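With numbering that gives the first Met the number 0, letter number 47 in the sequence shown gets 46, and the count goes up by one each step, no holes.
The structure appears right after this line, and notes come after that.
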Amino acid sequence: MEGFDPRTSFGYEVSQQYDDVPRGDEAETVEFLAKLAGRRNALEFAVGTGRVALSLVRAGVRVDGIELSQDMVDRMREKPGGDQVAVTMGDMSRVTTGRTYGLVYLVFNTIGNLLTQDGQVRCFQNAAGHLADDGVFVLECRIPTASARPGHQYLDTEQVGVDHVDLDAGRYDPLTQVLDLNHIRISSSGIRLAPIRLRMAHPPEFDLMARIAGLRLRERLGGWNGEPYTAASWRHISVYERADGPT
């Protein structure tokens, strides 16, 4: 995507609009993570505006975060309780908080913001380095489908309203596994574009990354409510633990 820089893609404008359209499953996400954390501390990679972290804090879990965008953190600080999450600024594949946690989590396809396989492997290694001996790393990601489209490109209608239409235009490069995607809103006030670039990977590739990082798959689900992971699942929630831990 010409002119797109993932290092600056979550700037001020995005931070102000990021929470406008919630996914709708945030409550289920928090409930799942809170049960895994129990009384232990948690660390969110790419904590952003605190959409998950602040709700997890309200559920009684102490949460730290790692985040690349200062604008996203500034938006979190404006929210009630936004000062309760300690944030270390930097790349989630490299930066360390210097602490260990019972839960490290990375949700909403965000691992795709790391655009190379090496970067994603480093992310797993960084997660493993932050885990307590009995800790777990939770990864949520969509199952790639763009590679199956003719010509590896598509235009989807996401929502049709009385005063707006939301479209997704994407192009997938099977050599790099990178998806260039633009969320397009056409309304009476004009056209708004929200570009994103993601490296897509299937669950078996993530499992190999985990093995490189000294982790192993504990379980894989198709949803936050414990739905089974099947061939029809559109996403996976994978829970990894230390490979040298108790079986």
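Even for Gly, the Cβ is constructed at its ideal location relative to N, Cα and C.
Remember, it's a predicted structure, so these values are computed and weren't measured experimentally.
{"Query": "Backbone CA spacing between Ser188 and Leu138 [nearest angstrom]", "Result": "37 Å"}
{"Query": "Sequence ranges, alpha helix (DSSP H) only - wholly within the stretch 147-229, length at least 4", "Result": "202-211"}
{"Query": "CB of Ser237 within 9 Å of CB of Pro202, strictly", "Result": "yes"}
{"Query": "Proximity below 9 Å, CB of Gly134 to CB of Thr99", "Result": "yes"}
{"Query": "Nearest-angstrom beta carbon gap, Gln116 and Ala212 [assumed within contact, 8 Å]", "Result": "At roughly 13 Å, the Cβ-Cβ gap does not stay under 8 Å, so Ala212 and Gln116 are not in contact."}
{"Query": "Spatial distance of Gly118 from Glu204 (CA atoms)", "Result": "13 Å"}
{"Query": "Given 8 Å, three or more beta-carbon pairs between the stretch 67-75 and the stretch 6-14", "Result": "yes"}
{"Query": "Minimum C-alpha distance to Tyr171 - residue among Tyr153, Asp24, Ala45 and His182", "Result": "Tyr153"}
{"Query": "Phe107 - partner residues in DSSP beta bridges", "Result": "Its beta-bridge partners do not exist; DSSP assigns none."}
{"Query": "Start and end residues, alpha helix (DSSP H) containing Glu12", "Result": "Tyr11 to Gln16"}
{"Query": "Where the alpha helix (DSSP H) through Gly118 begins and ends", "Result": "Gln116 to Gly128"}
{"Query": "Range covered by the alpha helix (DSSP H) that runs through Met75", "Result": "Gln69 to Arg76"}
{"Query": "Contacting residues, own chain, Cβ-Cβ under 7 Å from Asp162 (five flanking each side not counted)", "Result": "Ser186 and Ser187"}
{"Query": "Boundaries of the alpha helix (DSSP H) in which Ala41 is found, first to last residue", "Result": "It is not in any alpha helix (DSSP H) - Ala41 instead sits in the beta strand (DSSP E) that spans Ala41 to Phe44."}
{"Query": "Reduced DSSP secondary structure (H/G/I, E/B, other) of Arg234", "Result": "strand"}
{"Query": "Touch test, the stretch 103-115 against the stretch 38-55, Cβ-Cβ under 8 Å, three pairs minimum", "Result": "yes"}
{"Query": "Contact test: Gly23 Cβ vs the ligand PLP heavy atom, cutoff 8 Å", "Result": "This structure lacks the ligand PLP; in fact it carries no ligand of any kind."}
{"Query": "Option nearest Thr256 by Cα separation, candidates Ile190, Leu114, Arg217 and Val120", "Result": "Beyond the ends of the chain as shown, which are 0 and 246, falls residue 256; an answer cannot be given."}
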